[in-house]
Amino acid sequence: MFSSDDKVIVRRFWRDWVLHYRSRLVLIFVLMVLVAATSGAYPALIRHVFDVLAGGADQAAYSTGFIRLDDPFVLIPLAIILLSSVKATAMYFQVLTVNSLALKITTDIQKAMAHRLIDADLATVTAEPAGAFISRIMNDLNLVREAFVRLANNLVRDVLTIFVMVGVMFWFSWLLSVLVLAVYPLAMRPIIRIGNRQRKASGELQEHMETVTSLLAEILQGVRMVKAYQLEAAEKTRSATAFDGLYNRLVHLLAGRARIDPILEVLGGFAVAGVIGVAAWQVANGQLQVGDVAGFITALLMLVQPVRAIGTLNAVTQEGLAATSRVFALLDQKARITDPASPKTLAQIKGEIAFNDISFAYQDAAILTEIAFTVAPGQTVALVGPSGSGKSTIINLLPRFYDPTAGQITIDGTPISHLSLSGLRRHIALVSQEAVLFDDTVAANIRFGQKDATDDDVIAAARAAAADEFIQQLPQGYDTYVGATGNKLSGGQRQRIAIARAMLKDAPILLLDEATSALDAQSEQLVQEALDRLSAGRTTIVVAHRLATIQKADMILVLDKGQIVETGTHRSLLEKNGLYAHLCALQSFS
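If you count by the numbering used here, then the sequence shown holds residues 12 to 601, one letter each, in order.
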């Protein structure tokens with residue numbers, strides 16, 4: 012039923028996520044014992060009722076309306092009411108505690124998965140669509156939670172109930188008990204086989220769920236393009252095909268689950284038929300009392316539900332194991348960009364940057380080849396070149412979003428690989444083409460540049476970024492929520508808030524990656540003026556497409572196919588009449 016890998020997964024899940032909640036586990040076990048014990052008392056009471064009826068008990072007090080405390084027709088109903096009340100109370104708190112524990116455990120895992128993704132390097136996060144990660148965190152954890160609840164209920168409460176009922180059945184008749192126990196093991200082989208198929212089907216379902224989630228995210232993110240190019244029909248067809256595939260996989264999974272109950276139903280029918288036949292023969296021969304038979308059949312009928320639950324448990328467990336395996340695969344992903352064992356510290360830096368023979372490859376494709384240049388403190392260097400020449404890759408290497416495959420990058424002579432990631436990145440501010448804003452207030456988005464900044468600091472940064480005027484006109488000013496990805500603001504407004512964030516960070520090194528490429532002329536002028544103020548006195552590396560921005564640079568690096576092919580100022584490069592002069596003539600820098 013369980014492979015060695017499954018046992019490793021179960022042990023790890025128990026050790027790392029469940030065992031922390033020992034007090035809740037003890038409470039759950041006590042409540043389950045109470046449920047099983049009260050269940051076992053029912054057949055004994057039923058047996059007593061039939062024995063009283065068969066023995067011609069005193070009906071006088073009962074029929075005349077007088078109640079005696081020793082009257083079995085008073086005591087037995089009271090006992091049944093008491094038993095059912097105790098059992099119901101225990102079941103309520105047991106179900107509540109098990110489900111709340113399952114929610115707590117899966118919430119802990121979801122937090123750990125989110126933290127792992129936040130800490131992951133860029134290569135890991137961009138290797139799969141965002142929808143795949145979201146599906147794993149949400150959908151897979153739902154399966155894990157369902158499996159945990161079923162295992163807790165079935166492996167403890169239902170197994171305890173089965174043991175109690177089997178014990179009661181043997182107390183009534185060992186022969187009938189052996190007959191019943193000989194039938195149910197016949198179901199084990201097909202149930203295990205169905206469970207193994209369910210695991211495979213569940214894995215395929217979750218993978219397809221990732222695809223559907225990613226597809227929906229893709230359609231929603233590209234909705235403007237869909238409408239602009241009249242792709243509605245194509246996207247409807249694509250989404251319908253994906254949902255049809257999801258439907259087919261769900262039906263296949265449900266069909267597997269549906270096979271289990273009929274198997275147990277047929278076997279249960281054989282067991283009950285055999286019991287009635289043998290019991291009638293034993294009663295006729297004086298070997299059993301009617302009360303024993305009634306009690307035995309009651310115990311047998313109460314045995315059916317937990318046995319069915321155990322029968323379907325393997326399928327649910329296999330689905331849960333498949334989901335848990337996928338969850339652990341994400342948690343076990345090792346970050347490739349990590350802190351050194353003994354990081355150095357740069358309390359204050361001048362801002363000298365050196366790329367020493369840097370090469371970089373991504374997924375076996377060479378992106379940069381032997382890039383070498385030095386940027387003096389306070390100097391501005393512009394990177395220009397055709398699209399795909401490696402400009403943004405250089406920007407990404409400096410804060411160690413990626414590590415070079417060869418060569419060394421230094422800041423003030425210290426290799427950046429010798430610094431902690433936080434120690435390195437605190438000295439770098441980044442403004443990119445897509446201004447990333449979070450679904451929070453304007454002030455909170457600016458304050459990401461410096462968490463302990465005062466309101467006055469935030470306003471000062473916004474003014475420097477030419478953002479204060481439009482912010483004051485927003486419904487709640489700086490307390491206005493910008494919406495998901497800042498969708499309540501225009502592109503120019505988002506970019507100025509991003510610049511204000513960089514202003515507030517006040518880092519000595521500034522990286523500008525196509526920071527004005529997506530703006531209209533008016534917005535670009537405001538943003539460019541803000542960027543000029545931001546870069547003043549800072550070591551700046553800029554990827555730009557506007558000639559006006561490039562002309563201001565102290566040095567221009569011209570890249571082509573991952574190599575620096577020209578270096579110089581605007582005037583000197585024009586005189587060379589090379590690639591830069593050609594790009595200037597075309598006004599094409601990206």
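All residues carry an ideal CB built from backbone N, CA and C; glycine is no exception.
Measure how close the beta-carbons of residue i and residue j come, nearest whole angstrom, since I'm counting them as under 8 Å.
| i | j | result |
| --- | --- | --- |
| V395 | L594 | 6 Å |
| L523 | V554 | 7 Å |
| Q667 | A334 | Residue 667 cannot be examined here, being either before or after the span of the chain that is shown, 12 to 601. |
| L324 | N165 | 5 Å |
| A282 | V189 | Their Cβ separation, rounded to whole angstroms, is 11 Å, which puts A282 and V189 out of contact at 8 Å. |
| R507 | A476 | 5 Å |
| F371 | T421 | With a Cβ gap of about 16 Å, F371 and T421 do not count as contacting. |
| G548 | L379 | Contact doesn't hold; Cβ gap of about 29 Å is too wide. |
| P410 | R437 | About 10 Å separates the two Cβ atoms, so there is no contact after all. |
| A509 | A446 | 4 Å |
| H219 | R260 | 6 Å |
| D215 | I230 | This sequence places Glu at residue 215; Asp is not what is there. The Cβ separation is near 23 Å, so there is no contact. |
Use the C-beta contact count for residue i: other C-beta atoms within 10 angstroms, 16 or more gives buried, fewer gives exposed.
| i | result |
| --- | --- |
| R156 | buried |
| A383 | exposed |
| K587 | exposed |
| F307 | buried |
| K462 | exposed |
| G643 | What is shown of the chain runs 12 to 601, which leaves residue 643 out entirely. |
| Y258 | exposed |
| F77 | For F77, the pLDDT reaches just 46, beneath the cut-off of 50, and the residue's location in the model is therefore unreliable, although a value from the coordinates is still provided. So F77 ends up on the exposed side. |
| E525 | buried |
| W25 | exposed |
| D151 | buried |
| L30 | exposed |
| Q316 | exposed |
| L80 | For L80, the pLDDT reaches just 48, beneath the cut-off of 50, and the residue's location in the model is therefore unreliable, although a value from the coordinates is still provided. Its Cβ having fewer than 16 others within 10 Å, L80 is exposed. |
| T248 | exposed |
| S433 | exposed |
| Y373 | exposed |
| E243 | exposed |
| V19 | exposed |
| P54 | buried |
| L537 | buried |
Start and end of the beta strand (DSSP E) containing residue i?
| i | result |
| --- | --- |
| D571 | 566 to 571 |
| D368 | 364 to 373 |
| I360 | First-last for I360: undefined, no H or E at that position. |
| S443 | 439 to 443 |
| I422 | 417 to 422 |
| I348 | Looking at the DSSP string, I348 is not in any beta strand (DSSP E), and its letter there is neither H nor E. |
Less than 8 Å between the C-beta atoms of residue i and residue j, yes or no?
| i | j | result |
| --- | --- | --- |
| V442 | I552 | no |
| T550 | P519 | yes |
| A266 | G142 | no |
| D350 | S431 | yes |
| V97 | T49 | yes |
| I87 | V60 | yes |
| L357 | T416 | no |
| L112 | R22 | no |
| R168 | V46 | yes |
| I129 | W28 | no |
| L332 | D571 | no |
| K361 | P388 | yes |
| L311 | V191 | yes |
| M124 | M313 | no |
| L187 | A290 | yes |
Can you tell me which of the options puts its alpha carbon nearest to the alpha carbon of residue i?
| i | options | result |
| --- | --- | --- |
| E540 | A253, T560, G548 | T560 |
| F144 | F183, F339, E381 | F339 |
| H581 | F159, L590, E246 | L590 |
| G419 | P397, N367, A454, K361 | It is worth fixing the name first, because residue 419 is Gln in this sequence and not Gly. Nearest C-alpha to Q419: N367. |
| D468 | M180, K499, L515 | L515 |
| V44 | Y32, A113, F174 | F174 |
| A511 | T496, K499, L89, L545 | L545 |
| Q504 | A495, V327, D479, Q487 | D479 |
| A138 | Q344, L278, S501, F481 | Q344 |
| R161 | T328, P410, T224 | T328 |
| R347 | L133, I287, L192, M313 | L133 |
| S353 | I39, D466, S428 | S428 |
| V262 | S225, F181, A212 | A212 |
| L107 | L42, I406, V179, G285 | L42 |
| L226 | A253, V179, V538, A245 | A253 |
| N456 | D414, L500, D423 | L500 |
Between which two residues does the alpha helix (DSSP H) containing residue i stretch?
| i | result |
| --- | --- |
| E577 | Segment 574 to 579 is the beta strand (DSSP E) holding E577; no alpha helix (DSSP H) there. |
| N296 | From DSSP, N296 is part of no alpha helix (DSSP H); its letter is neither H nor E. |
| L171 | 170 to 183 |
| G503 | 502 to 516 |
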